[in-house]
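**Q**
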Amino acid sequence: MSPLVKKKKKRIKIPTMYWLFVLSLVCVILMILSFNTDIVMTPLNYAGGYTIVPFQKGLTNVGNYLIEQTERFKKLEDVIAENEELKKQVDELSKDNTILQQDKYELTKLRELYELDAEYEEYDKIGARIISRESDNWYANFVIDKGSNDGIQVDCNVIAGSGLVGRVTEVGPNYAKVVSIISDNVNTSGMILATGDILMVSGSLEGMNKRGTIDFSQLNDDNDVVQTGDKIVTSNISDKYLQGILIGYVDHISTDSNNLTKSGDLIPVVDFKHLEEVLVITTLKNNPQ
Amino acid sequence: MKAIASGLLLIICFVLQSTLFAQFNIGGILPNLILILTASIGFRVGRKNGLIVGFIAGLLADIFFGNVLGLYAFVYMYLGFMNGSFKRVLLQGDYKLPMLLIAVSDVVYGHIMYILKFLMRGDFHYLYYLRSIMLPELIYTTVMALALFPLINLIFNLIEKWEKLLEGEEEFE
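Below is the structure:
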């Protein structure tokens with residue numbers, strides 16, 4: 004018995020410096036590989052997807068439950084007041100809705116006339132729940148609980164409510180990584196809905212923290228038509244985003260020092276602080292099915 | 015034994031940080047639990063364990079949140095290694111030095127992230143990021159460390175005791 008035990012204890016000891024050196028090398032190789040290919044990413048995604056994601060799903064449910072419970076203690080009066088207001092709104096909206104439906108009927112008829120039907124067709128969407136958020140404070144990216152098994156691909160657009168959230172950058176079997184448009188290193192091609200002028204929307208950590216806004220720049224607006232409150236949607240020239248998804252409303256606008264372009268900031272329509280569920284559009288811009 | 019405990023602690027910290035703490039953040043800031051764990055294991059157990067735990071923790075962060083694989087792994091690994099160098103001067107029962115080390119690690123981590131992710135892109139609002147991201151994170155992380163480090167310490171104390179007990183029994187046989 005004892006020789007066996009002794010043999011087990013005689014492990015080969017690798018000096019710490021070797022560990023450091025080898026692992027540093029591994030890091031550098033991984034960085035180079037992941038810049039150029041996704042050879043390493045796919046197996047690691049699978050590994051991560053089946054080990055960590057189940058825990059995250061469970062704990063997020065616990066967290067959502069807790070938030071729900073605390074919200075339940077909100078004052079009842081608030082809820083009643085809100086209810087009355089909402090009822091009024093419902094009345095108004097249903098009135099609006101009938102008008103809109105009439106308009107829509109007219110619109111479809113007109114579209115048929117102009118054969119523009121295909122451009123504005125409804126996209127296939129699936130709902131997904133956010134199961135984890137970025138683990139440090141610099142960016143606003145997150146992970147959702149649907150992946151390639153549910154038909155999600157890289158570059159799928161992600162929306163919530165009526166506005167753009169971001170796009171999928173990585174897909175595992177049962178999860179997908181979403182980069183949001185407010186992340187500081189993300190640029191989105193947008194346009195002013197009213198005039199069709201193209202501009203560049205870029206995420207901003209500072210703007211989001213201070214005023215709840217993100218930046219836009221490179222707007223060509225020679226006639227000074229664009230003003231505060233104008234809608235900004237995804238542009239027709241973007242190669243990742245489907246055209247016409249609402250991004251936000253212009254907040255401030257100012258002329259750049261070159262006197263040619265304008266820049267400023269916009270308020271995103273999506274409430275990124277309280278995002279829980281999102282919709283993923285499974286239609287890609289490049290190959291509409 | 016220590017490896018298993020480290021792995022379990024790592025998964026717990028990572029999952030907690032990316033779910034519950036991210037949901038219940040305070041003013042948009044969340045504490046860096048995996049940094050606390052990496053640093054603690056570094057100066058509690060040793061340089062080698064610190065750097066391996068840091069590497070795996072960083073790799074997890076890379077898989078789920080990084081754009082480039084290996085970047086977080088690199089940073090966390092060196093943080094674990096550096097903290098491990100202080101194992102020799104750390105006295106059992108002393109909580110001042112660990113807190114200081116974790117705080118310094120968090121500041122270093124914040125600066126590395128700022129340099130790599132913002133300065134490299136020509137964003138020079140250093141003071142803003144210092145005030146609104148790094149300092150709040152530093153405070154929150156240190157407060158969490160006050161609770162977490164004694165716990166980690168206790169776990170490893172128990173494991174050491176248990177291992178000694180096992181060794182003693184074997185020798186006795």
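From first to last, the protein sequence lines are chains X and B.
Count along the first sequence starting at 1, add 3, and that's the number in my numbering.
Count along the second sequence starting at 1, add 14, and that's the number in my numbering.
Here a beta-carbon is modelled for each residue, glycine too, at the ideal position from N, C-alpha and C.
#1: Please determine, among B/L34, B/L149, B/V29, B/L160, the residue with the shortest C-alpha to C-alpha distance to B/S54.
#2: Got a sec: which bits of the stretch 153 to 166 of chain X sit with their beta carbon under 7 Å from any beta carbon on chain B, in order along the chain?
#3: Mapping DSSP to helix, strand and coil, what is X/L245?
#4: Against chain X, which members of the stretch 83 to 113 of chain B pass a CB distance test of less than 7 Å?
#5: According to a CB-to-CB cut-off of less than 9 Å, which residues of the stretch 70 to 84 of chain B neighbour chain X?
#6: Can you give me, in chain order, the residues of the stretch 141 to 162 of chain B that have a beta carbon less than 7 Å from any beta carbon in chain X?
#7: Specify, as a first and last residue, the run of the beta strand (DSSP E) that X/P57 falls within.
#8: Where X/R114 and X/Q104 are concerned, what is the direct C-alpha to C-alpha distance, given to the nearest angstrom?
#9: Can the beta-carbon of B/M158 be found less than 8 Å from the beta-carbon of B/G124?
#10: Beta-carbon separation of X/V283 and X/A131 under 8 Å?
#11: Is the separation between the beta-carbon of X/S266 and that of X/D218 shorter than 8 Å?
#12: Under three-state DSSP, which class holds X/M203?
#13: Please state whether the Cβ-Cβ distance between X/L278 and B/L34 is less than 8 Å.
#14: Give the range of the alpha helix (DSSP H) segment to which X/A143 is assigned.
#15: Where does B/G41 fall in DSSP's three states?
#16: Can you tell me whether DSSP reads X/H255 as helix, strand or coil?
#17: CB of B/V67 to nearest heavy atom of the ligand ZN: below 7 Å?
#18: How would you call X/Q72, buried or exposed, if buried means at least 16 neighbouring beta carbons within 10 angstroms?
#19: Please list, in chain order, all residues of the same chain as B/I173 whose beta carbon is under 7 Å from its beta carbon, the five residues on each side excluded.
#20: Does DSSP put X/N86 in a helix, a strand or coil?
#21: Below 8 Å between beta carbons is the criterion; list the residues of the stretch 129 to 144 of chain X that meet it against any residue of chain B, in chain order.
#22: Please list, in chain order, the chain X residues whose beta carbon lies closer than 7 Å to that of B/K175.
#23: DSSP three-state call for X/S135: helix, strand or coil?
#24: Check whether the Cβ of X/F275 lies closer than 8 Å to any Cβ atom in chain B.
#25: Are the C-beta of B/T52 and some C-beta of chain X separated by less than 8 Å?
#26: What residue range is occupied by the uninterrupted alpha helix (DSSP H) comprising X/M194?
#27: Using a C-beta to C-beta distance shorter than 7 Å, which residues of chain B count as neighbours of X/V189?
#28: Determine the burial state of B/F138: buried for a count of at least 16 other Cβ atoms within 10 Å of its Cβ, exposed for fewer.
#29: Between X/M4 and B/N171, what straight-line distance do the alpha-carbon atoms span, to the nearest angstrom?
#30: Helix, strand or coil for B/M174? Go by DSSP, reduced to three states.
#31: Please report whether the beta-carbon of B/F57 lies at a distance below 8 Å from any beta-carbon of chain X.
#32: Would X/N226 be called buried (16 or more neighbouring beta carbons within 10 Å of its own) or exposed?
#33: Per DSSP, what are the beta-bridge partners of B/L105 in this structure?
#34: Kindly identify the DSSP beta-bridge partner or partners of X/L167.
#35: Which chain X residues are close to B/G42, counting only those with a beta carbon under 8 Å from its beta carbon?
#36: From the DSSP output, which residues share a beta bridge with X/V181?
**A** In terms of the structure at hand:
#1: Start at 1 with the first residue of the second sequence, and residue 54 of chain B comes out as number 40. Closest by alpha carbon: B/L160.
#2: none
#3: On the first sequence, position 242 is the one that residue 245 of chain X refers to. Coil, per DSSP.
#4: L83, G84, L85, A87, F88, M91, F95
#5: G72, L73, L74, A75, D76, I77, F78, F79, G80, N81, V82, L83, G84
#6: Y142, S146, I147, E151
#7: As a first step, residue 57 of chain X must be located in the first sequence, where it is residue number 54. Where X/P57 is concerned, there is no enclosing beta strand (DSSP E), although the alpha helix (DSSP H) it sits in stretches over 44 to 75.
#8: For this step, residue 114 of chain X is matched to residue 111 along the first sequence. For this step, residue 104 of chain X is matched to residue 101 along the first sequence. Those two C-alpha atoms are separated by around 15 Å.
#9: As a position in the second sequence, residue 158 of chain B is number 144, starting the count at 1. As a position in the second sequence, residue 124 of chain B is number 110, starting the count at 1. It is not a contact, given that the beta carbons lie outside the stated cut-off.
#10: Counting from 1 along the first sequence, the entry for residue 283 of chain X is found at position 280. Counting from 1 along the first sequence, the entry for residue 131 of chain X is found at position 128. Yes. Within cutoff.
#11: Taking the first residue of the first sequence as position 1, residue 266 of chain X is located at position 263. Taking the first residue of the first sequence as position 1, residue 218 of chain X is located at position 215. Result yes, Cβ atoms of X/S266 and X/D218 sit closer than 8 Å.
#12: Numbered from 1 along the first sequence, position 200 holds the residue referred to as residue 203 of chain X. Three-state result, X/M203: strand.
#13: Taking the first sequence and counting its residues from 1, the one referred to as residue 278 of chain X is at position 275. Taking the second sequence and counting its residues from 1, the one referred to as residue 34 of chain B is at position 20. No, these two residues do not count as a Cβ contact at 8 Å.
#14: Taking the first residue of the first sequence as position 1, residue 143 of chain X is located at position 140. Counting along the chain, X/A143 falls outside any alpha helix (DSSP H), and DSSP gives it neither H nor E.
#15: By one-based count along the second sequence, residue 41 of chain B stands at place 27. The answer is coil: DSSP assigns B/G41 none of H, G, I, E or B.
#16: For the purposes of this step, residue 255 of chain X is taken as residue 252 along the first sequence, with counting starting at 1. X/H255: strand per DSSP, three-state reduction.
#17: Judged by which ligands are present, the structure shown has none, so any question about the ligand ZN falls away.
#18: In the first sequence, residue 72 of chain X corresponds to position 69, counting from 1. The residue in question, X/Q72, is exposed, as its Cβ has fewer than 16 Cβ neighbours within 10 Å.
#19: In the second sequence, residue 173 of chain B corresponds to position 159, counting from 1. Cβ neighbours of B/I173 beyond the five flanking positions: M15, K16, A19.
#20: In the first sequence, the residue the question calls residue 86 of chain X occupies position 83. Note: X/N86 maps to helix in three-state DSSP.
#21: I134, S135, R136, E137, S138, D139, N140, W141, Y142, N144
#22: Here residue 175 of chain B refers to the residue found at position 161 of the second sequence. The contacting residues do not exist; B/K175 stays about 19 Å from chain X at best.
#23: As a working mapping, residue 135 of chain X is identified with position 132 in the first sequence. DSSP places X/S135 in strand when its eight states are reduced to three.
#24: Translated into positions along the first sequence, residue 275 of chain X becomes position 272. Taking Cβ atoms only, chain B never reaches closer than 8 Å to X/F275, which makes this a no.
#25: Walking along the second sequence from the start, residue 52 of chain B turns up at place 38. B/T52 does not count as touching chain X.
#26: The residue given as residue 194 of chain X occupies position 191 in the first sequence. Per DSSP, X/M194 belongs to no alpha helix (DSSP H); it is in the beta strand (DSSP E), 190 to 195.
#27: One-based indexing of the first sequence puts residue 189 of chain X at position 186. Chain B residues near X/V189: none, gap ~10 Å exceeds 7 Å.
#28: Counting from one through the second sequence, the residue named residue 138 of chain B turns up at place 124. So B/F138 counts as exposed.
#29: By 1-based counting over the first sequence, the position of residue 4 of chain X is 1. By 1-based counting over the second sequence, the position of residue 171 of chain B is 157. Annotation note: pLDDT 46 at X/M4 (below 50); position unreliable, no value reported.
#30: Residue numbering aside, residue 174 of chain B sits at position 160 when the second sequence is read from its first letter. It is Glu, not Met, that sits at residue 174 of chain B in the sequence shown. The answer is helix: DSSP assigns B/E174 an H, G or I state.
#31: Within the second sequence, the letter at position 43 stands for residue 57 of chain B. Closer than 8 Å: no.
#32: Here residue 226 of chain X corresponds to residue number 223 of the first sequence, with the count starting at 1. It is exposed - the Cβ of X/N226 has fewer than 16 other Cβ atoms within 10 Å.
#33: Mapped onto the second sequence, residue 105 of chain B falls at position 91. DSSP lists no partner for B/L105.
#34: Here residue 167 of chain X refers to the residue found at position 164 when the first sequence is read from its first residue. X/L167 is bridged to X/I162.
#35: Counting from one through the second sequence, the residue named residue 42 of chain B turns up at place 28. What B/G42 touches in chain X: N140, N212, K276.
#36: By one-based count along the first sequence, residue 181 of chain X stands at place 178. Paired residue(s): X/F145, X/V171.
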